Each structure stands twice: as structure tokens, then as C-alpha cells.
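Student: Quick one: the structure is below, questions incoming.
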Amino acid sequence: MGRVSKDEKYGLSWFETREDALLTMRTKAGASMTLIYPIASNAAHPPRLSPDYRSTVKRSPSKPLIIMRHTLSELTGPVYGHETVRENDHDLTIQHKGEPLGERIIVHGHVLDEDGRGVPNALVELWQANACGRYIHAVDQHPAPLDPNFTGAGRAQADASGYYKFVTIKPGAYPWGNHHNAWRPAHIHFSVFGYSFVSRLVTQMYFPGDPLFPFDPIFNSVTDEKARNRMISSFDLENTKPDWALCYRFNIVLRGRNATPMENK
Ligand SMILES: [Fe+2]
468 MGRVSKDEKY GLSWFETRED ALLTMRTKAG ASMTLIYPIA SNAAHPPRLS
518 PDYRSTVKRS PSKPLIIMRH TLSELTGPVY GHETVRENDH DLTIQHKGEP
568 LGERIIVHGH VLDEDGRGVP NALVELWQAN ACGRYIHAVD QHPAPLDPNF
618 TGAGRAQADA SGYYKFVTIK PGAYPWGNHH NAWRPAHIHF SVFGYSFVSR
668 LVTQMYFPGD PLFPFDPIFN SVTDEKARNR MISSFDLENT KPDWALCYRF
718 NIVLRGRNAT PMENK
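What follows is the structure in C-alpha cells.
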């Protein structure tokens, strides 16, 4: 039996049955929110040190991590950014005077918990290269053109069922200097804020059938094949818009045995 704690000021009580593994909170009104981080989630995530992915050699910690327990305010505090999401922030093709060049696509899906339940109101942000594989960033100087009509960043708030949707341009592959002739498979970076400020998760979405998969140390830093495949979107013919845009589905599973591999775990 675990420990029971109360916070009279905020009308909250919570109990723990295992260190950092289960935290259930109940409010005075009787609503409950379970903050579980299933240990099974960890199997999906890449190790901090993946020598073939060269920059991890310098940035991965050389000493054991010191685990900091989250406080109640961190777990229940407001998530930054939701109030600033505007109606068209999810459409990266209408941010400028003209339309961006490239293949217009729809990317949509659900943010889900370990039981397949939608995570309501999750803040989903994405950033990506343009159709030529170029980012608007001072560090990206590879000889591919910038697109004056494409910034490459957007955000959306999931609805009550955890559903989100973006309209964007299919990004191009780009070289990245990790090793001779290194090219990143086309990908879109995703960030998801779940219930609280400390629940930010970052991952990358790939496109099905990319010939660069076997050669990409970042993709392959996720060692479990099934987990790797959960980073690949699926082509969604049903929701492809005739004469307008192909559609890809990308469900993001925040935790559990089917968790989407995350970069920041
Ligand atoms: Fe990238």
C-alpha cells in the first residue's frame, strides 16, 4: 500500500503505490486524474548515447543521472502556449502572400495515452524543412533555396478527442554532415504538451517507404524495429483531398508499450 498525501489548500489528495510510477489525484469535486508513467514506455525511446549519431557522443551524460522528483505544481501547473493558438496556425501554406512551392499535404492524427484514449487539448507544434530540404535557420547553409512563402513552423490544439490536423508541404531530404554522404530522410519535428508543463515530448515523423531509412543514424537510434515503425506516418487515401492534397496519418502515443519514441526521454 502506498503513501497518501493531501493538500488541503488546493483540495487535492494523491497517493503513490510505487516510486514515481503512479500518482493519482482527486479534487474536492471528485474528479480524478491519473498521472501514470508506465515503465514499458522506456523501451521505445532511443538511448542517450548512440555513437553512430555523432553529436550524442559529446552531449550524452557521462555520469549517472540524478532523478529529480516532480512537484505537484509541476504536474498540475498550466501548460504554456495554449491561449496563443490561432485558428489558422495549423496551416503552414497560408502564412505568407503566396503559396509555398512543393507537394501540399495534410498531416493529421490523434494524441493518445497508453490505453488508446485521446488526450484532450494537447498542444501540438511542428517544425520542418521546406520542399527543397532547407530550414530557415542561420546554421542551415546547404545549397538549396529558401522559399519566401514558407516558414516551416505551425501549431494546433487537439480537440476533446485528442485529434489534431495540419496542412503543410512535404519536406525534402537534406544533408547533415554526420558522416560521408549523410542525408536525413524527409521528416517533420513534433512537440506535444500533454497535461502539464513537464509533459512536453519531442519526436520526428517520417514518411512511408523512404529509401534513406537504413542509412539514417537518428532513425536507427531507436533500436526496436516496432518502435521505429511507430515514427512512420501512414498514407491515408481515405482523407486525401481529390485534386488538392495527399494525406498522412500520424498518431502520437505518449506512453505505454506502444509509445511513440521520443527524443527527450
Ligand atoms: Fe530536421
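Going left to right, the sequence shown walks through residues 468 to 732 as the numbering used here numbers them. Here a beta-carbon is modelled for each residue, glycine too, at the ideal position from N, C-alpha and C. Everything numeric in this text was worked out from a predicted model, so none of it was measured.
(1) Beta-carbon of Arg-695 versus every beta-carbon of chain D: anything under 8 Å?
(2) Give, in chain order, every unbroken run of the alpha helix (DSSP H) that is at least 4 residues long and sits entirely within the stretch 599-683.
(3) Confirm the yes/no value for this check: CB of His-575, any heavy atom of ligand 1, distance under 7 Å.
(4) Return the chain-ordered list of same chain residues with a C-beta closer than 8 Å to the C-beta of Ser-628, the five sequence neighbours on each side being excluded.
(5) What residue ranges within the stretch 523-575 form continuous alpha helix (DSSP H) runs of no fewer than 4 residues, ordered along the chain?
(6) Using the C-alpha atoms, what's the distance from Ala-596 back to Lys-530?
(7) Is the distance from the Cβ of Leu-590 to the Cβ of Phe-633 below 8 Å?
(8) Report yes if the C-beta of His-609 is less than 7 Å from at least one heavy atom of ligand 1; otherwise report no.
(9) Give me, in chain order, the residues of the same chain whose beta-carbon lies closer than 6 Å to that of Arg-695; leave out the 5 immediate sequence neighbours on both sides.
(10) Decide if Val-720 is buried, meaning its Cβ has at least 16 other Cβ atoms within 10 Å, or exposed.
(11) Give me whichever residues DSSP pairs with Val-578 in a beta bridge.
(12) What distance in whole Å lies between the Cβ atoms of Ile-572 and Lys-637, which are believed to be in contact at a cut-off of 8 Å?
Tutor: Straight from the coordinates:
(1) As a matter of chain content, chain D is missing from the structure shown, which is built from one protein chain.
(2) none
(3) no
(4) His-577, Gly-585 and Pro-587
(5) 539-543
(6) 35 Å
(7) no
(8) no
(9) Val-689
(10) buried
(11) Ile-719
(12) 5 Å
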